[in-house]
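Numbering (our numbering), first residue to last: 37 to 243. Glycine residues also receive a C-beta, built at the ideal position from the N, C-alpha and C atoms.
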Amino acid sequence: MLNVQHLAWHREHNRIASELHIINPHWKDETVFQEARKIVIALFQHITYNDFLPLIIGQASMARFGLFSRDVNEGVFSDCYDADINPQVLDAVNVAAHRFGHSQVTNYQNLVDDNYNTVAIKVDDVFDNPQLVQLNNGTNIPFIVDGMRNRLERIPEPPGSDIVARNIQRGREQGVSGYNKWRKLVASDLSNHSKCLESIGKHSQNV
């Protein structure tokens, strides 16, 4: 699926670049590239903030943190831009928090063939298999399916690997702090949470 996404956005960039070249034949290649890049980034951000994020964190959180790109009351898009905002993210976000996307993968991927028929393919048969990009072409689930945990990349060398084990290893290699440290940023009282973890035999400091 990542291959499909990458290919789709690269093709969209090239399509926009071709249109810009027609409109502005005097532009140098670098100018065409950079202007097309700006437009593609804007498209990607629009989809992220209007279609993806509301499904992930909910409408209430979107409104609470002012993340909607469209003013609900005015019905117009925001044109605000602050060049002083630091766009960097914490290493823990990249190494740990954003790994939640692995729980969005299902055991089967539904693709559409040239005749618009749905083709269901097992994820452990297609991981790192770019030939499926030739096919034309959710919300969160709270677990990671077996196709990602036990049989990932089993082709060409079975039995495969485990994406969860990779995530844990990546966090340890990067020195990501424990769960309690990050929870303190959004919750002042950890007592009830710690008791919950200890009730299932886990010390809160080891999570």
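Which same chain residues end up closer than 6 angstroms to residue i when comparing Cβ atoms and leaving out the 5 residues on each side of it in sequence?
i	result
E71	L56
H42	none
W45	none
Grab the span of the beta strand (DSSP E) containing residue i for me, first residue to last.
i	result
A156	154-158
Under 8 angstroms Cβ to Cβ from residue i, same chain only, skipping five residues before and after it: list those, please.
i	result
H49	A72, R73, V76
N153	none
Q81	S105
G111	none
Please confirm whether residue i and residue j have their CB atoms less than 9 angstroms apart.
i	j	result
S105	S114	yes
A53	V68	yes
H138	V40	no
R135	N203	yes
V222	D127	no
Which residue marks the beginning of the alpha helix (DSSP H) containing residue i, and which one marks its end?
i	result
V129	127-131
G207	199-210
Y215	215-219
L103	Taken as a continuous stretch (DSSP letters only), L103 belongs to no alpha helix (DSSP H), as it is neither H nor E.
Tell me which same chain residues have a C-beta within less than 7 angstroms of the C-beta of residue i, skipping the five on either side of it?
i	result
D103	The sequence shown places Leu at residue 103, not Asp. Cβ within range, chain order: Y85, L89.
P178	Interpretation of P178 is limited by its pLDDT of 47, a score under 50 that renders its predicted location unreliable; no figure is taken from the coordinates.
Query - Touch test, the stretch 116-132 against the stretch 85-101, Cβ-Cβ under 8 angstroms, three pairs minimum - result: The stretch 116-132 vs the stretch 85-101: no contact.
Query raised in the report: Is the stretch 124-136 touching the stretch 195-208 in the sense that three or more CB pairs, one from each, lie closer than 8 angstroms?
Result: With the rule of 3 Cβ pairs closer than 8 angstroms, the stretch 195-208 counts as touching the stretch 124-136.
Report task. Only counting runs of 4 or more residues, tell me where the alpha helix (DSSP H) segments fall wholly within the stretch 48-89, in order along the chain. Result -> Restricted to the stretch 48-89, the alpha helix (DSSP H) segments that are unbroken, complete and at least 4 residues in length are 65-83, listed in chain order.
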